[in-house]
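Peer 1:
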Amino acid sequence: MKTKKLTTMALLISLAMVLSYLESMLPSFVAIPGVKVGLANIIVVFALYKLGTKEAAVISLLRVALVSLLFGSGASFLYSLAGAVLSLGGMLLLKRIPAFSYVAVSVLGGVLHNVGQIGMACLLLETNVIVYYLPFLILSGTIAGIAVGILAAVLIRRIDVHL
Amino acid sequence: MILPVFYMKGSAHKSKRWDLLLVAFFLLLSAALYFLLRQGQTAGAEVLVRVNGQETARYSLAEEGEYALNGGSNILVISGGEAWLREANCPDKLCVRQGKIHLSGQTITCLPNKLTVTVVGGEQTVDVVVG
Numbered sequence: 334m335k336t337k338k339l340t341t342m343a344l345l346i347s348l349a350m351v352l353s354y355l356e357s358m359l360p361s362f363v364a365i366p367g368v369k370v371g372l373a374n375i376i377v378v379f380a381l382y383k384l385g386t387k388e389a390a391v392i393s394l395l396r397v398a399l400v401s402l403l404f405g406s407g408a409s410f411l412y413s414l415a416g417a418v419l420s421l422g423g424m425l426l427l428k429r430i431p432a433f434s435y436v437a438v439s440v441l442g443g444v445l446h447n448v449g450q451i452g453m454a455c456l457l458l459e460t461n462v463i464v465y466y467l468p469f470l471i472l473s474g475t476i477a478g479i480a481v482g483i484l485a486a487v488l489i490r491r492i493d494v495h496l
Numbered sequence: 292m293i294l295p296v297f298y299m300k301g302s303a304h305k306s307k308r309w310d311l312l313l314v315a316f317f318l319l320l321s322a323a324l325y326f327l328l329r330q331g332q333t334a335g336a337e338v339l340v341r342v343n344g345q346e347t348a349r350y351s352l353a354e355e356g357e358y359a360l361n362g363g364s365n366i367l368v369i370s371g372g373e374a375w376l377r378e379a380n381c382p383d384k385l386c387v388r389q390g391k392i393h394l395s396g397q398t399i400t401c402l403p404n405k406l407t408v409t410v411v412g413g414e415q416t417v418d419v420v421v422g
């Protein structure tokens, strides 16, 4: 790996970690587990378009692992990991369809992140009662996804990455 | 709606129609799920406490009481036919802020402690609707 690419990736992972940390300090405005803005997804969407699939996946998964290691617990790692994997998969597929822009990709990513987390929670807690949160999680994922997508679009347009 | 126009400016995407369709789809989906899951919810008879998926206790909603759950990690209060968590040792306290529940299927979840409190009983449990 070229030094420039290594440093760019490290920089983006650090940025995603800082955004996750900042977000964890914000008071949650709704009392539903899993409702988050997902600011770190700005970096993942940016990397998806500017660096490539593999790079975006590495950034997203390392972000989850490092943030859980530093600030989270074992359970929170599994929740986030399921969310991140599902969200990445969905965004990769949607990006291949040219009709959809950054915002659609980010909306799908936001919704799937929430769905993945809740799915993992259902598995771990061996209960299906958590499906009651699903409507709120889809709604919040959509709204957050629009905001994240617009922010990512601005960055994608303004920042050039030469590797 | 300045921002949506702004994100399209200079991008390779000529139309935001498909983006809007996707957003509309998710909004409709969440509304549909909300009403589907709410259907047939009636007042429940008791609450079921699960830790790690295992049932650990059941308490009647008709009896007033205060219970320490999961070795004291969460304090459950039942009063006036409603149940809520008054205290928790988790960092986010989302379970405390989820408020009072009394309809069958309603659940308070404390993800950090892997604990759920669910209302069961009554005429129709929502599990039937969910399938």
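Note that the protein sequences, when read in sequence, are chains P and L.
Going by the numbering used here, 449 is the number at position 116 of the first sequence; the sequence numbering is gapless.
Going by the numbering used here, 315 is the number at position 24 of the second sequence; the sequence numbering is gapless.
Using N, Cα and C, we set each Cβ at its ideal position, and we do this for glycine too.
#1: Which ranges would you report for the alpha helix (DSSP H) in the segment 352–396 of chain P if only whole runs of at least 4 residues count?
#2: With a threshold of 8 Å between beta-carbons, can G330 of chain L be considered close to chain P, or not?
#3: Could you give the DSSP three-state label for G356 of chain L: helix, strand or coil?
#4: Can you tell me the Cα-Cα spacing of L320 of chain L and L328 of chain L, whole angstroms?
#5: With 8 Å as the C-beta to C-beta threshold (strictly closer), list the residues of the segment 329–350 of chain L near chain P in chain order.
#6: In terms of residue numbering, what span does the beta strand (DSSP E) encompassing L406 of chain L cover?
#7: Are S370 of chain L and E346 of chain L close, meaning C-beta to C-beta below 8 Å?
#8: Can you name the start and end residues of the beta strand (DSSP E) that A374 of chain L belongs to?
#9: If you follow the beta strand (DSSP E) that A348 of chain L is in, where does it begin and where does it stop?
#10: Would T336 of chain P be called buried (16 or more neighbouring beta carbons within 10 Å of its own) or exposed?
#11: Whose Cβ in chain P lies nearer than 9 Å to the Cβ of W375 of chain L?
#12: Got a sec? Which residues, its chain only, sit under 8 Å from L399 of chain P by beta carbon, not counting five neighbours each side?
#13: Could you check whether L496 of chain P and F379 of chain P sit closer than 8 Å to each other, using their CB atoms as the reference points?
Peer 2: If we stick to the structure as given:
#1: 373–383
#2: Reading the sequence as shown, one finds Gln at residue 330 of chain L and not Gly. With 8 Å as the cut-off, Q330 of chain L does not count as an interface residue toward chain P.
#3: strand
#4: 12 Å
#5: R341, N343, G344 and Q345
#6: L406 to V411 is the extent of the beta strand (DSSP E) around L406 of chain L.
#7: no
#8: A374 of chain L -> beta strand (DSSP E) spans E373 to A379.
#9: Q345 to S351
#10: exposed
#11: Per Cβ cutoff of 9 Å: no residues; W375 of chain L is ~11 Å from chain P at best.
#12: Closer than 8 Å at Cβ, skipping near neighbours: I346 and M350.
#13: no
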